[in-house]
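One structure is given here, and the rest of the page talks about it.
Quick look at the structure:
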């Protein structure tokens, strides 16, 4: 067993046989396929699944079916963030290697984001509530949009919840499109989208049904038809232990290509082969020394960012080889404010080359760290709010954060001088506030008024009409020496519509011969878009990655206006 910079690895069998009380160590596992019935796989996880056409979950819908859309080299290298899409790469693009037109992606079923203008007097006032139905226990977290509808996963920490889609084109009069309940679902804080075989999937947290059950892990949903989301499988992960709500449970999941990276609290990082969401398998489990209570996990290209839940530590990992994360020298750090005082954060989010933290200790507020050079993360700014940080999202130059007793909006255009713009209120433990177009969805995960665990409050008078743009890429433009197993990732200045990130709008090809297109899987999670090549890249070859104008759109259908492109060279 080796120990490298606080990182230990050994076989799953050896780890499983260690005596109780010894700290958990990393376990790299080779897994076989899982069957259609519950059972232990070779990794120590167990899988149950159901055919999407014959799920037993309780579903209700109000519309007809939704349309389906058709080495050893270190390779983490981030570019500088940009104020517009032109920085960090070409704005003209190279020769067209025969791709579909960027905007010809299959049309969305729903109407898209909020399309209503508001009077100034209406801003920052709750105008509607969202409810998952009669089985909703009023414990809500984040919301995102998919296929033109708002998607709300809902569940208490002890389990039993669902996924509900809403039409929010008139955000003060939302209407339910479809909803499904599953007793296997647990409180969920992050959701990513991937299209596999012409169907769209998400993952959520999972806990085994039953008062005496302690196991859990992740579960997968087919959301191709928002009128009838389908729970299709669960994967029980080793070490999961509920009812402790923090120490041994799933805190987050991030889907990149074939793999789901799962933040498992004190259990560390799980890596799941999700190439077949109906039969997912555990392929690796990694742990940190000293123990990192992994909360948020996000992946941009070859860079994985793991932040502590209710702690001050962040660890950056090189995932050039997706199932074999490696520590980055200098990438294991403790959050400190401008006076070098360590600060605990509840959760975090990444965009523009910065990690944004919802600070829990020492007066709360928001803090930012620059991770564009993963070997040298640096403090960028902090605002003390007097709150108790929950979850944070950044749209344009505004950060939105739930802080338990209120939600705060912050102007972060100057990180050295962040400013509180407004506070919003909703009865209960207000941990989450998600910007969607010109409204904010407030969500409480405890002590809500019945049927009022989520509310919609306008914060901008006009509907969102601004184009999204890429504000960071991994790798950087001109990077060299990348591993042949590399992936490419970008962040946008706001969340983008998953269906618009497709083969015509997210492109990778050989620079010298653009007719050599690289096939791959495209995954979208909030403002992050990743491209995972189907095979290894050719050593010694230069590639161009491109986000062409007119393709990727935000939740309101505003398309990228200027082409973004970078070139990089594979080692060898």
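Residue numbers (the working numbering): 903 to 1474.
Ideal placement from N, C-alpha and C gives every residue a C-beta, glycine not left out.
Here the structure is a predicted model, which means the values were calculated and not measured.
* Report back the beta-carbon spacing between residue 1128 and residue 1080 to the nearest angstrom; my notes put them in contact at under 8 Å. => Locating residue 1128 in the chain shown gives position 226, where the first residue counts as 1. Locating residue 1080 in the chain shown gives position 178, where the first residue counts as 1. About 5 Å separates the two Cβ atoms, so the contact holds.
* Measure the C-alpha to C-alpha separation of residue 1445 and residue 1392 and round it to an integer number of angstroms. => For the purposes of this step, residue 1445 is taken as the residue at position 543 of the chain shown. For the purposes of this step, residue 1392 is taken as the residue at position 490 of the chain shown. Distance between the alpha carbons of residue 1445 and residue 1392 is about 15 Å.
* Asked: Which first and last residues belong to the beta strand (DSSP E) in which residue 1056 is found?
  -> Against the chain shown, residue 1056 aligns to sequence position 154. Start and end: 1051 to 1056.
* Asked: For the candidate residues 1025, 1056 and 1457, whose alpha-carbon lies nearest to that of residue 1402?
  -> Here the question's residue 1402 lines up with position 500 in the chain shown. Comparing Cα-Cα distances from residue 1402 to each of 1025, 1056 and 1457, the minimum goes to 1457.
* Apart from the five residues on each side of it in sequence, which residues of its chain come closer than 6 Å, Cβ to Cβ, to residue 965? -> By 1-based counting over the chain shown, the position of residue 965 is 63. A caution first: residue 965 carries a pLDDT of 40, below 50, which makes its placement in the model unreliable, though a value can still be read off. So the list reads 1079 and 1129, once near-sequence residues are dropped.
* Going by alpha carbons, who is nearest to residue 1308 out of 1071, 1267 and 1019? -> Counted from its first residue, the chain shown places residue 1308 at position 406. Checking every option, the nearest Cα to that of residue 1308 belongs to 1267.
* To do: Could you please give the first and the last residue of the uninterrupted beta strand (DSSP E) stretch that includes residue 1077?
  => Start at 1 with the first residue of the chain shown, and residue 1077 comes out as number 175. 1077 to 1084 is the extent of the beta strand (DSSP E) around residue 1077.
* Asked: Just curious, the beta strand (DSSP E) that residue 1409 is in, first and last residue?
  -> The residue given as residue 1409 occupies position 507 in the chain shown. Its beta strand (DSSP E) spans residues 1409 to 1412.
* Asked: Which residue from 1449, 1255, 1210 and 1470 puts its Cα closest to that of residue 1414?
  -> Your numbering for residue 1414 matches position 512 in the chain shown. Considering only alpha carbons, the answer is 1470.
* Could you give the C-beta distance for residue 1355 and residue 1040, rounded to a whole number, given that I count them as a contact under 8 Å? -> As a working mapping, residue 1355 is identified with position 453 in the chain shown. As a working mapping, residue 1040 is identified with position 138 in the chain shown. Right, the Cβ-Cβ distance comes to about 4 Å (below 8 Å), so this counts as a contact.
* Looking at the structure shown, is residue 1469 part of a helix, part of a strand, or coil, going by DSSP? -> Position 567 of the chain shown, counted from the start, is the residue given in the question as residue 1469. Strand at residue 1469.
* **residue 1111 versus 1057, 1160 and 1141, residue with shortest Cα-Cα distance** => Taking the chain shown and counting its residues from 1, one reaches residue 1111 at position 209. Here the closest residue by C-alpha is 1057.
* To do: Consult DSSP for residue 1022 and reduce its assignment to one of helix, strand or coil.
  => To locate residue 1022, count along the chain shown from 1; it is residue 120. Three-state DSSP puts residue 1022 in a helix.
* **Residue interval of the beta strand (DSSP E) (run including residue 1105)** => What you label residue 1105 is simply residue 203 of the chain shown in a count that begins at 1. Per DSSP, the continuous beta strand (DSSP E) segment holding residue 1105 begins and ends at 1101 to 1109.
* Mind checking whether the beta-carbon of residue 1373 lies closer than 7 Å to any heavy atom of the ligand ATP? -> Among the components of this structure there are no ligands whatsoever, and the ligand ATP is therefore not found.
* Validate contact between the region 1019 to 1030 and the region 1349 to 1364 using beta carbons, cut 8 Å, 3 pairs -> yes
* Exposure label - residue 1204; buried when at least 16 CB within 10 Å -> As a position in the chain shown, residue 1204 is number 302, starting the count at 1. Around the CB of residue 1204, 16 or more other CB atoms lie within 10 Å, so the residue is classed as buried.
* **Beta-carbon separation (whole angstroms), residue 1429 vs residue 1096, contact threshold 8 Å** => Translated into positions along the chain shown, residue 1429 becomes position 527. Translated into positions along the chain shown, residue 1096 becomes position 194. Residue 1429 to residue 1096, Cβ: 16 Å. No contact.
* If you compare alpha carbons, which of 1070, 1464 and 1140 is closest to residue 1011? -> On the chain shown, position 109 is the one that residue 1011 refers to. Nearest C-alpha to residue 1011: 1070.
* Asked: What is the DSSP secondary structure of residue 1401, reduced to helix, strand or coil?
  -> Counting from 1 along the chain shown, the entry for residue 1401 is found at position 499. Correct three-state label for residue 1401: helix.
* **Entirely enclosed beta strand (DSSP E) segments - the region 1336 to 1389, minimum 3 residues** => Fully enclosed beta strand (DSSP E) runs of 3 or longer: 1341 to 1346, 1356 to 1360, 1372 to 1376 and 1381 to 1384.
* Asked: Which of the three DSSP states, helix, strand or coil, is assigned to residue 1275?
  -> Numbered from 1 along the chain shown, position 373 holds the residue referred to as residue 1275. It is coil, neither helix nor strand.
* Contacting residues, own chain, Cβ-Cβ under 8 Å from residue 1149 (five flanking each side not counted) -> Position 247 of the chain shown, counted from the first residue, corresponds to residue 1149. 1143, 1167, 1168 and 1195.
* **Own chain residues within Cβ distance below 6 Å of residue 1297, not counting five before or after** => Here residue 1297 is taken as the residue at index 395 of the chain shown, counted from 1. These residues qualify, in order along the chain: 1337 and 1396.
* Asked: Is the CB-CB distance between residue 1333 and residue 1292 below 8 Å?
  -> Stepping through the chain shown from its first residue, residue 1333 is reached at position 431. Stepping through the chain shown from its first residue, residue 1292 is reached at position 390. Yes, Cβ-Cβ distance for residue 1333 and residue 1292 is below 8 Å.
* To do: State yes or no: is the C-beta of residue 1135 within less than 8 Å of the C-beta of residue 1156?
  => In the chain shown, residue 1135 corresponds to position 233, counting from 1. In the chain shown, residue 1156 corresponds to position 254, counting from 1. Taking 8 Å as the Cβ cut-off, residue 1135 and residue 1156 do not qualify as a contacting pair.
* **Uninterrupted beta strand (DSSP E) stretches inside the region 1193 to 1235 (no shorter than 3 residues)** => 1196 to 1202, 1205 to 1210 and 1215 to 1220
* In the structure shown, what three-state DSSP assignment does residue 1415 receive? -> Numbered from 1 along the chain shown, position 513 holds the residue referred to as residue 1415. Coil at residue 1415, not helix or strand.
* To do: Rounded to whole angstroms, what's the CA-CA distance from residue 1174 to residue 1020? Just pull it up for me.
  => Position 272 of the chain shown, counting from 1, holds the residue named residue 1174. Position 118 of the chain shown, counting from 1, holds the residue named residue 1020. When rounded, the distance between both Cα atoms is 44 Å.
* Asked: For residue 1367, does the count of other Cβ atoms within 10 angstroms reach 16, so buried, or fall short, so exposed?
  -> Here the question's residue 1367 lines up with position 465 in the chain shown. That one is exposed.
* Could you spell out the range, first to last residue, of the beta strand (DSSP E) harbouring residue 1124? => Your numbering for residue 1124 matches position 222 in the chain shown. Element bounds for residue 1124: 1118 to 1124.
* So what does DSSP say about residue 1307, is it helix, strand or coil? -> Residue numbering aside, residue 1307 sits at position 405 when the chain shown is read from its first letter. Residue state, collapsed to three classes: coil.
* Close-in-space but distant-in-sequence residues of the same chain around residue 1265 (CB under 6 Å, 5 per side omitted) -> The sequence position of residue 1265 within the chain shown is 363, counting from 1. 1286 and 1288, listed in sequence order.
* residue 1284 to residue 1137 span [Cα, whole Å] -> Position 382 of the chain shown, counting from 1, holds the residue named residue 1284. Position 235 of the chain shown, counting from 1, holds the residue named residue 1137. Looking at the two C-alpha atoms, the distance is approximately 39 Å.
* **Best match in 1442, 1372, 1377 and 1379 for proximity to residue 1454 [C-alpha to C-alpha]** => In the chain shown, residue 1454 corresponds to position 552, counting from 1. Nearest C-alpha to residue 1454: 1372.
* To do: Taking 8 Å as the threshold, find out whether the region 1183 to 1191 comes into contact with the region 1101 to 1110 through three or more Cβ pairs.
  => no
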